[in-house]
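If you use this note's numbering, the sequence shown closes out at 110, no skipped numbers anywhere. C-beta atoms are modelled at their ideal positions from N, C-alpha and C, and glycine is treated no differently. Every value quoted in this text rests on a predicted model; they were computed, and no experiment measured them. Notes follow the structure.
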Amino acid sequence: MKNGICRNCRKQSVFRKKADQDYTIPIRSFSVAAVYHFVCANCGYIENYILDDGKLRQIANNWEYVLPYDEPSPYEDDEGSAWTPPPPEPDDVRREDETDEHEQIP
Ligand SMILES: [Zn+2]
């Protein structure tokens, strides 16, 4: 999104604007971070970012770290089957016409 390409629709139609003064992230006493809205003018997708590296470092040094863990999938069925990762993106999958070219039969 920050690179000008919409994460949702892949169009190069992203615009950004600094949020209002009353929409900031309080980091600690006397320190707030400005928020930037990134909006896709094609599909309306929105993301918000702090762009100041110094403020991001302050957050990393002062806020509570969130330990990563796997969240249950919202698509989990009623029987509670285990979460499985989504299938790879189409770019990662070899096309059939490519496999024929490079495949060597022993
Ligand atoms: Zn979009």
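On the DSSP bridge list, what partners appear for residue i?
{"i": "Val-18", "result": "Cys-44"}
{"i": "Arg-32", "result": "Ser-35"}
{"i": "Ile-50", "result": "Val-43"}
With 16 other CB atoms within 10 Å as the buried threshold, where does residue i fall?
{"i": "Phe-19", "result": "exposed"}
Determine, using beta carbons only, whether residue i and residue j come nearer to each other than 9 Å.
{"i": "Lys-59", "j": "His-41", "result": "no"}
{"i": "Ile-31", "j": "Ile-63", "result": "yes"}
{"i": "Tyr-49", "j": "Lys-6", "result": "no"}
What whole-angstrom Cβ distance do residue i and residue j have, given they're in contact under 8 Å?
{"i": "Val-39", "j": "Thr-28", "result": "6 Å"}
{"i": "Ser-17", "j": "Asn-46", "result": "4 Å"}
Quick check: does the Cβ of residue i come within less than 8 Å of any heavy atom belonging to ligand 2?
{"i": "Asn-12", "result": "Only ligand 1 can be found as ligands here, which leaves ligand 2 out of the picture."}
Inset, instruction - Decide yes or no for the touch test of the segment 30 to 39 against the segment 10 to 21: beta carbon pairs closer than 8 Å, at least 3 of them. - result: no
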